[in-house]
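Engineer:
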Amino acid sequence: MAHEPSADLDSLSVIVSQLNGALSEASGIVQDVDRYLAEEFDIGVWAISRPFDSQRGTGEDGRELLISSHLAYGKAAGRSRLHILAATLERGDGSDQFTQIISEERIPWPLCPREIKLHSFAMLPELLGTLASKAEEIAAQTSRTSETVRQLLETMGRHSHGATEPALATNGVGADLDAGLFRRSRSR
1 MAHEPSADLD SLSVIVSQLN GALSEASGIV QDVDRYLAEE FDIGVWAISR
51 PFDSQRGTGE DGRELLISSH LAYGKAAGRS RLHILAATLE RGDGSDQFTQ
101 IISEERIPWP LCPREIKLHS FAMLPELLGT LASKAEEIAA QTSRTSETVR
151 QLLETMGRHS HGATEPALAT NGVGADLDAG LFRRSRSR
């Protein structure tokens with residue numbers, strides 16, 4: 001029984017159609033996530049996924065290099081967006097590990113080749129989880145820092161939650177321009 005090439009072509013045609021539909025859906029999802037994170041949410045936090053691709057290469061000087069590709073969120077082409085971060089690494093001094101980043105390239109996701117889009121899209125759930133964890137960590141750290149600074153101010157006899165405006169520190173005659181320090185007016 002001979003294998004029919006036309007059956008293979010028909011099968012390939014169906015698969016290509018499915019792949020095109022999947023990529024179109026993925027592109028719409030990335031566009032929605034990008035818009036939500038950048039415009040509506042504007043979290044100001046960056047993150048990268050684990051690598052979805054790593055390739056070894058050789059530099060012009062013969063050094064062994066590793067090019068690692070990650071799905072990332074952060075500044076690329078002038079604004080915060082989903083993008084591909086391609087990092088080129090070399091081995092650290094006396095190390096077997098590729099730890100020294102020698103260059104980075106950030107490519108907005110919509111401008112990437114089809115193959116990169118397909119491989120990187122699988123990393124989107126991980127990246128969103130990393131962003132959420134990082135935002136939560138930064139919010140908690142900021143709250144702890146605010147509390148610590150409030151306590152320090154109270155120890156110094158100042159209150160950080162008063163309704164008074166900061167006043168320029170003066171020497172009694174005029175503003176001491178060299179000091180450049182502001183202090184809060186104290187209630188007497």
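Take full-length UniProt numbering: the last position of the sequence shown gets the number 188, and nothing is skipped along the way.
All C-beta atoms, glycine included, are put in the ideal place defined by N, C-alpha and C.
Quick check on this structure: which residue in Asp8, Gly74 and Gly129 has the alpha carbon closest to the alpha carbon of Glu39?
Structural biologist: The shortest C-alpha separation from Glu39 is found at Gly74.
Engineer: Please classify Asp93: does DSSP put it in a helix, a strand, or coil?
Structural biologist: Three-state result, Asp93: coil.
Engineer: What does the alpha-carbon distance come out to for the pair Thr142 and Glu136?
Structural biologist: Roughly 10 Å between the two C-alpha positions.
Engineer: Could you give the DSSP three-state label for Arg150: helix, strand or coil?
Structural biologist: Helix, per DSSP.
Engineer: Measuring straight from C-alpha to C-alpha, what distance separates Leu82 and Leu65?
Structural biologist: Roughly 25 Å separates the two Cα atoms.
Engineer: Taking Arg56 as the reference, which of Ala76, Ala72 and Thr88 has the closest Cα?
Structural biologist: Among Ala76, Ala72 and Thr88, the Cα nearest to that of Arg56 belongs to Thr88.
Engineer: Which same chain residues end up closer than 6 Å to Ala72 when comparing Cβ atoms and leaving out the 5 residues on each side of it in sequence?
Structural biologist: These residues qualify, in order along the chain: Ile48, His83 and Leu85.
Engineer: May I ask you to report which of helix, strand or coil DSSP gives Arg158?
Structural biologist: Looking at Arg158 - three-state DSSP - the assignment turns out to be coil, as it is neither helix nor strand.
Engineer: If you draw a straight line from the C-alpha of Ile138 to the C-alpha of Glu60, how long is it?
Structural biologist: Their backbone Cα atoms lie some 41 Å apart in a straight line.
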